[in-house]
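Below is one structure; the comments refer to it alone.
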Amino acid sequence: MMDRSPKPPEALMRAIAQDLRPVKPSPQPLQLALRMVPLALLVSSLILLAIGPRYDSRILGPLLTWGASAAQFVLAIVLVWIAAHESTPAGRLPRQMVYLAAAAGSLLVIFVTLLTFSTSPATEPLLRVPPRVNEMLRDSPWIMGFACGIGSTLAGGILVLFFSRAFRNSLAIRPTVAGALYGSGAGLAINAGWRIACPFSTPWHALGAHGTAIMATVILGALIGRYLGNHRFPIGGGRS
Numbered sequence: 611m612m613d614r615s616p617k618p619p620e621a622l623m624r625a626i627a628q629d630l631r632p633v634k635p636s637p638q639p640l641q642l643a644l645r646m647v648p649l650a651l652l653v654s655s656l657i658l659l660a661i662g663p664r665y666d667s668r669i670l671g672p673l674l675t676w677g678a679s680a681a682q683f684v685l686a687i688v689l690v691w692i693a694a695h696e697s698t699p700a701g702r703l704p705r706q707m708v709y710l711a712a713a714a715g716s717l718l719v720i721f722v723t724l725l726t727f728s729t730s731p732a733t734e735p736l737l738r739v740p741p742r743v744n745e746m747l748r749d750s751p752w753i754m755g756f757a758c759g760i761g762s763t764l765a766g767g768i769l770v771l772f773f774s775r776a777f778r779n780s781l782a783i784r785p786t787v788a789g790a791l792y793g794s795g796a797g798l799a800i801n802a803g804w805r806i807a808c809p810f811s812t813p814w815h816a817l818g819a820h821g822t823a824i825m826a827t828v829i830l831g832a833l834i835g836r837y838l839g840n841h842r843f844p845i846g847g848g849r850s
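Every number in my numbering is 610 more than the matching position in the sequence shown, counting from 1.
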């Protein structure tokens with residue numbers, strides 16, 4: 611009896627033939643997330659190494675200075691871990707858990723910002739720079755907001771690029787979501803170090819400049835994730 615089943619498209623057969631090559635097994639989600647820890651620590655500490663901790667760190671105390679940033683950093687790695695699960699179709703976590711982790715990141719940043727401001731409402735910059743520079747920043751606080759926003763966005767963008775390289779072989783069904791998750795992880799990790807160095811405590815600065823930088827890394831991660839997903843699976847259209 612003749613086989614009348616339709617033949618696969620030639621484009622599909624060529625794509626399969628070109629993709630037949632030995633590959634290394636993908637790391638486990640926890641293993642992948644832990645690999646990102648040293649890199650995230652290094653990049654997030656650059657601003658702290660450059661200008662040192664904020665002048666009122668003694669008023670804030672070690673718990674609010676270092677402990678709050680440590681909590682943000684741990685949550686950042688958790689988001690990367692969830693992104694790694696999202697990149698493994700069989701290991702995807704429940705959608706509610708993904709949304710809960712993302713909401714927890716936002717709430718943690720807001721809570722730490724308000725608690726820091728209530729403990730030490732620093733509204734004037736006091737940096738280890740010439741007095742003339744401090745006076746200029748005091749008269750034009752938008753300069754500090756612009757510097758923090760651009761600086762932390764660039765640092766977060768660098769970290770997102772490193773993360774995206776680790777996720778380049780992702781098999782995520784929702785690559786945009788996976789990218790947004792490791793983008794938010796990068797943004798939180800950078801903010802964990804940046805807030806220790808930034809001399810401003812005002813919510814408009816912390817949530818405006820720093821928060822905008824976190825959102826920028828989320829968007830960048832989502833765009834990169836979508837791009838990688840579309841180019842890894844070009845046949846049949848992209849995935850969201």
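Ideal placement from N, C-alpha and C gives every residue a C-beta, glycine not left out.
Computed from a prediction, not measured in an experiment: that's the story for all the values here.
By how many angstroms is the C-alpha of residue j removed from the C-alpha of residue i?
i	j	result
E620	V688	42 Å
C758	C808	8 Å
A790	L651	20 Å
P699	P731	46 Å
I834	T726	33 Å
I626	A816	49 Å
I845	S780	With a pLDDT of only 41 at I845, under the threshold of 50, the placement of this residue in the model should not be trusted; the figure read from the coordinates follows. The straight-line gap from Cα to Cα measures roughly 16 Å.
L685	W691	10 Å
G677	S794	20 Å
Y665	T675	11 Å
A826	G761	12 Å
P813	F721	10 Å
R784	F773	17 Å
L703	R836	19 Å
P648	G701	24 Å
R624	R775	26 Å
L771	V653	12 Å
R645	I753	36 Å
T786	V828	10 Å
L640	Q706	20 Å
A713	H841	30 Å
V708	L630	33 Å
S655	Q628	42 Å
Three-state secondary structure (DSSP) at residue i?
i	result
P809	coil
P783	Reading the sequence as shown, one finds Ile at residue 783 and not Pro. Looking at I783 - three-state DSSP - the assignment turns out to be coil, as it is neither helix nor strand.
P639	helix
F777	coil
P648	helix
L630	coil
G662	coil
R624	helix
R836	helix
P699	helix
Cβ of residue i within 8 Å of Cβ of residue j?
i	j	result
A799	S697	no
L642	A694	yes
A802	S679	yes
I806	P663	yes
L718	A681	yes
G755	G671	no
A832	T763	no
T729	I669	yes
I657	W804	yes
Please check the pair residue i and residue j, which I expect to be a contact at CB under 8 Å, by giving their CB distance rounded to whole angstroms.
i	j	result
G766	G797	5 Å
G839	A782	6 Å
F777	Y792	6 Å
Between which two residues does the alpha helix (DSSP H) holding residue i run?
i	result
F683	678 to 696
R668	667 to 672
R705	705 to 729
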